[in-house]
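Colleague: Residue numbers (the numbering used here), protein chains in the order written: chain A, 83 to 639; chain B, 8 to 283.
Don't be surprised by glycine CBs; every beta carbon is placed ideally from N, CA and C.
Given the structure is predicted, the values throughout are model-derived calculations rather than measurements.
Shown below is the structure under consideration.
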Amino acid sequence: MDDRLLLIAFGAAVGVCSGLAAVALSHGLVFMMENLSVFRDYWWAFVLPGIGMAASSLFLEKVVREGAGHGVPEVVYSVSRHGGLLRLRSSFSRLISNCLTIGAGGSAGPEAPVIISGASIGSNISRLFSLNERQRVTLVGCGSAGALSAIFNAPVAGMVFTIEIIMGEWSAANVVPIAVASVAGAQVTRLLQTHQISFTHLRFDVDVISTLAAVGLAVLTALISVLFARSLRYSHHISEKITLPVWVRALIGGCMVGAIGLILPGVLGEGYNSIQQMVEGAFVPGLALMLLLVGAKIVATALTLGWGGSGGIFAPALVIGSFAGLMYHRFIVLLLPGLSWVDEGCYALLGMAGVISGTMHAPLTGIFLIVDITGRYETILPLILVSALSTTISRVFEPASFYLRELVEKGQYLKPRTDAKVLADLSITELVEKDCKTVPRNMLLGDFIKVVQDSHRNHFPVVDEQTGEFQGMIHLDDIRPYLLDSLMYETVFLEQVMQTEVETVDIHEDLSEVLDRMDANGLFSMPVVSSNRFVGMISKATLLDKYRHELMVQTMH
Amino acid sequence: MEMQMLHIFRNTPLGRETLLESAYFCKHLDILPVVYVPGYVKFLMYFENDVVQVDLDGSYLRSPETARDHVVEIVESMGLPAPKFLEPKHFTASTLPDIPVDYDFMCCPRSITDMSSKIGLGYIGPRVRRIVQNARFPVYIPSAVFKPWQSLAVMFGGSANALRALKLGMRLSRISGFPLDVFTQEGRRKRKDYEDIIDSEGLGVEMDKYVRSWRFFETRSFAENLYEIPHDALIVLGAYGHGLIKELFFGSTMETLQTVSPNSMLIVGPNYRASI
C-alpha cells in the first residue's frame with residue numbers, strides 16, 4: 083500500500099480512537115460534576131478539590147505509576163527525542179486523573195490529558211503494526227489532533243495546534259493524515275458528544291474602531307499570559323520544595339483552590355459555563371470583580387496544576403482570556419462612552435485568543451480555535467491582530483512557550499530539521515574511527531617514524547604498554563623538529579614529545595557538546611576515551627559525512 | 008572497542024550478590040561495568056520500537072549515602088578498576104529519567120520491578136522480557152547468590168535466537184577462555200537436522216574450535232534433562248518467541264529453564280547482532 087494512503091487510513095483510525103477518548107473524558111467529567119454538585123453548598127465543600135486532586139495524584143503515582151507531567155510537554159519530548167514513543171498507560175491514565183481533578187473542582191482543562199491519550203493511542207497503534215519512526219511520529223500527531231479536535235469540536239484548531247506545538251513543522255507528509263484524524267475526531271464528538279463549547283449562533287459586527295482597540299487588548303493579554311505562565315512555574319517550584327508526599331501536597335493545594343472557590347465559584351472546574359455567559363453578554367459582575375476573577379483563576383490554576391492536580395492550561399487560558407477581554411471592553415466603554423463598540427462577547431473571544439496565543443506562542447491555534455468554536459469569520463481581523471501581537475509581546479518576556487520552556491531550558495527540545503536535531507540523532511559510537519594505531523609511551527622516535535610511514539593518519543594515541551591506559555596524543559607536528567636529526571631517532575622517546583593535556587571525548591557524550599568543545603578549542607579531531615582506554619578518534623570530516631547522510635534521511639519526506 | 012555492561016545497583020545484600028555476579032562477568036570478559044545507582048523508583052528505557060518503564064521497588068533507593076562506596080568496594084574486590092557511574096542526562100519528567108540503551112550487556116535480576124521475595128527461581132518479570140525482546144544487547148540474569156561460573160553452556164534449539172546465543176557463547180568462550188558446552192533437546196528435529204543448521208550457517212569450523220562438547224537429550228523431558236547442565240556454568244540461550252496463547256498455557260522454554268535451574272543466565276533477544 084502507498085505510504086501516504088497507509089498513513090491516511092491509520093490517521094483516520096487514530097482520530098476515531100482519540101475522539102472516543104475525548105468523549106469518554108467529557109462524559110466522565112459530566113458524571114463527576116453532576117454527582118458532586120449536591121455537596122457544593124456545604125461549608126466543607128472546599129475540601130472536595132483537595133480530595134479529588136489527592137486521589138488523582140495517588141492514582142498517577144501509585145496505581146499507574148506514571149511519574150510524568152500534565153501531558154503536552156511529554157508528547158513534545160517524545161516526538162522531539164524518541165521518535166514518538168509513548169507508554170501505553172498514558173493512553174488512559176490522564177483521562178482518569180483529570181476526571182478526578184476537574185470533576186472535584188480543580189481549576190484545569192481536559193485538553194492536555196486528552197492530547198497525551200490520543201498521542202499515546204497513535205504511538206501504540208504504530209507499534210502494534212510495526213510502523214517506522216517517521217510514520218509513528220505522524221500518528222502521534224494524528225492522535226493529538228483528533229483528541230483536541232474532539233474535545234473542542236474544533237477540527238482546524240486541533241490540526242493547527244498539533245502542527246504548531248507538537249510536530250513543530252509543516253510538512254506535506256504530515257499535514258494530510260493529521261487533517262484526516264482531526265476530521266475523524268470532530269465527527270466522533272459530533273455524533274456522541276453533548277458537552278462541548280460552541281457559540282455558533284453568535285454574530286458580531288466588528289468595525290474599524292473595535293479592530294484598532296484590539297491592540298490594547300493584545301498588550302493586556304500578553305502581560306496576563308506572562309503572569310499566568312510564571313505563576314504556574316512558581317507554584318510548581320514552591321510545591322516541590324515542600325517535603326511532603328505528593329498526594330498530601332495535592333490535598334493541600336486542592337483545599338486552597340476549594341477555599342478560593344467558596345468566595346468565587348467561577349474559578350472552579352474547567353469554567354466553560356462562565357465563558358458561555360461572557361460570550362453571550364450575560365455576565366453580570368463589574369470591572370473590579372472581573373479583575374479579581376482574573377487573578378483568582380490564575381492562582382487557582384497554578385495551585386491545581388503546580389500542587390499535584392492533573393490537567394491542562396488550555397481551558398483556564400480561555401477562561402482567563404475571556405475575563406480579560408470582557409474587562410478590557412468594559413474599561414474602554416467606560417473610557418470612551420461616545421463611540422460605538424462591538425458587543426462585549428466579541429472581546430471575550432478576542433481575549434481568549436490573546437491568552438492562548440501568548441501562553442503557548444501559538445498564534446494560529448488561537449485564531450482558528452475561536453473561528454472553529456464560533457463558526458464565523460466576522461472577528462477574523464481583530465483575532466489575527468490580537469493573536470499575533472500577544473504572541474510577539476509575550477515572547478519578549480518569555481522566550482519559549484509554556485509547554486516548551488522547560489524542555490528548551492534543559493536542551494531537550496529539538497526542532498525538526500535543525501542542526502540540534504540532526505546531531506542528536508547521531509551518536510559518538512557511529513562516528514568513532516577505529517583504524518587508529520596506538521603507540522606505547524616508551525617507543526623510540528625511530529620506531530615511531532616507521533609506524534608513521536605505514537599509516538595515513540596525523541594523530542597517534544599514546545598508551546601505557548603495561549596497563550593499556552591512555553596517556554596522551556602525538557601529532558606529526560610534535561616530531562617535526564627532530565625529523566632531520568637522525569641522532570634523535572635512538573634517543574628520544576614518545577613520552578618526551580607527546581601531548582599530555584589532551585581534550586578527550588566520552589563515548590556517551592552528546593555530539594553537540596563535543597562539537598562545541600571542538601569549536602572552542604579550534605580542534606578538528608579528538609580522541610574518544612572510555613575509562614582511561616583509547617577507543618578511537620572522532621573527527622569533523624567523518625561528522626560532516628554522517629551529518630549530511632542524516633540530514634538527507636530527515637528531510638526525505 | 009571496550010564493551011560496557013549496565014548494572015542497576017540495589018544497596019542491599021541481594022544487590023551485593025548481583026553486583027558481584029556482574030563484576031565477575033565483567034572481569035572475565037574484559038567489560039567495563041557502568042553502574043546506575045537509582046535516584047528515583049522509576050526509569051524509562053527508549054528502545055528503537057518500544058519504551059519500557061521499569062518500576063523499581065523501594066529497596067533500590069535504600070541508603071544512598073553508602074551506595075557508591077559499596078559499588079566501588081565490590082567492583083574493586085573483583086580486581087576491576089573503579090566502575091563508571093551512570094548519571095541520567097535526559098528526563099521524560101522531573102522524576103522519570105531516561106536510561107541509555109546503547110550498552111553491550113545489561114544485568115537484570117530475574118524480576119527487576121518486584122520485591123526481593125519474588126526474585127528466586129521461577130519468575131522472569133514482564134519488564135525483563137520486554138527488555139530482552141527490544142534490546143540490542145544480551146541480558147544477564149544472575150543467580151540469587153554469587154557463584155563463580157567456570158564454563159559456558161549454550162542451549163541450542165535451532166532457532167534464529169538460538170543461533171545468536173551460540174555465536175555469543177563462542178565469542179565469550181574466545182574472550183574468557185572458559186570451555187563451552189552445547190545442549191540440545193531433541194524433539195521433532197533430530198541430531199542430523201541440528202547439524203545441518205550449523206552447517207548451513209557456516210559455523211562448522213567454529214563448532215570444532217570453540218565447543219568442548221555437544222550433548223543431545225533424546226529421552227526424558229526438557230526440565231528433567233536440565234539436571235545435566237553443570238551447576239557452575241553460565242547458561243546462554245536465545246529468548247524463545249512463542250505466541251501468547253502457547254506461552255500462557257504451557258510456559259516458555261526460557262521460563263522452564265529458569266524455574267528449574269539456579270544458574271546465572273545470559274539471554275539473547277531478537278535484536279541482538281551476533282558476531283563471534
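With 16 other CB atoms within 10 Å as the buried threshold, where does B/W156 fall?
Modeller: Buried: at least 16 other Cβ atoms inside 10 Å.
Colleague: Can you say whether B/L251 is buried or exposed, counting buried as having 16 or more other CB atoms within 10 angstroms of its CB?
Modeller: Model confidence at B/L251 stands at a pLDDT of 49, short of 50, so the residue's coordinates are unreliable and nothing is read from them.
Colleague: Taking contact to mean 3 or more Cβ pairs, one atom from each stretch, closer than 8 Å, check whether the stretch 134-152 of chain B and the stretch 203-214 of chain B are in contact.
Modeller: Not touching, per the Cβ criterion.
Colleague: Measuring only between beta-carbons, confirm whether A/G149 sits less than 9 Å from chain B.
Modeller: So yes, A/G149 belongs to the interface.
Colleague: Can you find a CB in chain B that lies within less than 9 Å of the CB of A/V366?
Modeller: Not closer than 9 Å to any Cβ of chain B, the Cβ of A/V366 fails to qualify, so no.
Colleague: Where do the ends of the beta strand (DSSP E) carrying B/T191 lie?
Modeller: Element bounds for B/T191: L187 to Q192.
Colleague: With a threshold of 9 Å between beta carbons, is B/K34 in contact with chain A?
Modeller: No, no contact with chain A.
Colleague: Is A/D560 helix, strand or coil when you go by DSSP?
Modeller: A/D560 falls in the helix class under three-state DSSP.
Colleague: To the nearest angstrom, how far is the alpha carbon of A/M600 from that of B/N278?
Modeller: Approximately 34 Å, taken between the alpha carbons.
Colleague: Might you give, ordered along the chain, the residues of its own chain that have their beta carbon closer than 7 Å to the beta carbon of A/H318, omitting 5 neighbours on each side?
Modeller: Closer than 7 Å at the Cβ level, and outside the excluded window around A/H318, lie G388.
Colleague: If the cut is a Cβ gap below 7 Å, which residues of chain B does A/H590 touch?
Modeller: P107, listed in chain order.
Colleague: Check each residue of the stretch 56-74 of chain B: if its Cβ is closer than 9 Å to any Cβ of chain A, include it; give the result in chain order.
Modeller: Of all residues in the stretch 56-74 of chain B, N56, D57, V58, V59, Q60 and D62 have a Cβ within less than 9 Å of some Cβ in chain A.
Colleague: Establish whether the CB of B/L210 and some CB of chain A are separated by less than 9 Å.
Modeller: False, the Cβ-Cβ gap to chain A never drops below 9 Å.
Colleague: Taking C-beta pairs closer than 7 Å, name the residues in chain A that B/P88 reaches, listed in chain order.
Modeller: Those are S613, listed as they occur along chain A.
Colleague: Note down, in chain order, each residue of its chain lying with its Cβ closer than 6 Å to the Cβ of A/V238, except the 5 sequence neighbours on either side.
Modeller: Counting only Cβ-Cβ distances below 6 Å, and skipping sequence neighbours, we find F450 and D454.
Colleague: Check whether the Cβ atoms of A/I184 and A/A444 lie closer than 9 Å to each other.
Modeller: Contact flag unset, no.
Colleague: Which value, in whole angstroms, describes the spacing of the CA atoms of A/V381 and A/H411?
Modeller: Taking the straight line joining both Cα atoms gives about 23 Å.
Colleague: Report yes if the CB atom of B/I81 is closer than 9 Å to the CB atom of B/R23, and no otherwise.
Modeller: Yes, Cβ-Cβ distance for B/I81 and B/R23 is below 9 Å.
Colleague: For A/L182 versus A/F141, is the C-beta distance shorter than 9 Å?
Modeller: Yes, the pair counts as a contact, with Cβ atoms nearer than the cut-off.
Colleague: Assign A/I462 to one of two classes, buried (16 or more other C-beta atoms within 10 Å of its C-beta) or exposed (fewer than that).
Modeller: Result: exposed.
Colleague: Against chain A, does B/P277 count as a neighbour if the rule is that its beta carbon must be under 9 Å from one of theirs?
Modeller: Answer no: the Cβ-Cβ gap between B/P277 and chain A never drops below 9 Å.
Colleague: Considering A/P63, what are the terminal residues of the alpha helix (DSSP H) in which it resides?
Modeller: The question about residue 63 of chain A has no answer here: the residues shown for chain A are numbered 83 through 639.
Colleague: Going by beta-carbon coordinates alone, are B/R137 and B/S66 separated by less than 9 Å?
Modeller: No, the Cβ-Cβ distance between B/R137 and B/S66 is not below 9 Å.
Colleague: Cβ closer than 7 Å: which chain B residues qualify as neighbours of A/T34?
Modeller: Residue 34 of chain A lies beyond the residue range present for chain A, which begins at 83 and ends at 639; the question has no answer from this structure.
Colleague: Is B/E9 close to chain A, meaning its C-beta is less than 9 Å from at least one C-beta of that chain?
Modeller: For B/E9, the answer is yes, since a Cβ of chain A falls inside 9 Å of its Cβ.
Colleague: Below 8 Å on the Cβ atoms is my contact criterion, and I expect A/V361 with A/A296 to pass it. Report the Cβ-Cβ distance as a whole number of Å.
Modeller: Contact doesn't hold; Cβ gap of about 16 Å is too wide.
Colleague: Is it buried or exposed for A/M580, if we count other Cβ within 10 angstroms and need 16 for buried?
Modeller: Its Cβ being crowded by 16 or more others within 10 Å, A/M580 is buried.
Colleague: Kindly indicate which three-state DSSP category A/Q553 falls into: helix, strand or coil?
Modeller: A/Q553 falls in the strand class under three-state DSSP.
Colleague: Would you check if there are 3 or more beta carbon pairs closer than 8 Å linking the stretch 154-167 of chain A to the stretch 364-381 of chain A?
Modeller: At 8 Å Cβ cutoff, the stretches do not touch.
Colleague: Looking at the strands, I want to know which residues DSSP matches up with A/G200.
Modeller: DSSP lists no partner for A/G200.
Colleague: Check whether the Cβ of A/K492 lies closer than 9 Å to any Cβ atom in chain B.
Modeller: Yes - at least one Cβ of chain B is within 9 Å of the one on A/K492.
Colleague: Per DSSP, B/W221 is paired with what?
Modeller: B/V189, per the DSSP bridge assignment.
Colleague: What residue from A/G200, A/N180, A/A201 and A/S199 has the CA that sits closest to A/G191's CA?
Modeller: Checked all of A/G200, A/N180, A/A201 and A/S199; the closest Cα to A/G191 is A/N180.
Colleague: Determine whether the Cβ of B/K49 lies closer than 9 Å to any Cβ atom of chain A.
Modeller: So yes, B/K49 belongs to the interface.
Colleague: Excluding the 5 residues flanking A/L513 on each side, which residues of the same chain have their C-beta closer than 7 Å to its C-beta?
Modeller: Excluding residues within five positions, the ones whose Cβ falls inside 7 Å are I620, T624, L625 and K628.
Colleague: Three-state secondary structure (DSSP) at B/K253?
Modeller: Interpretation of B/K253 is limited by its pLDDT of 49, a score under 50 that renders its predicted location unreliable; no figure is taken from the coordinates.
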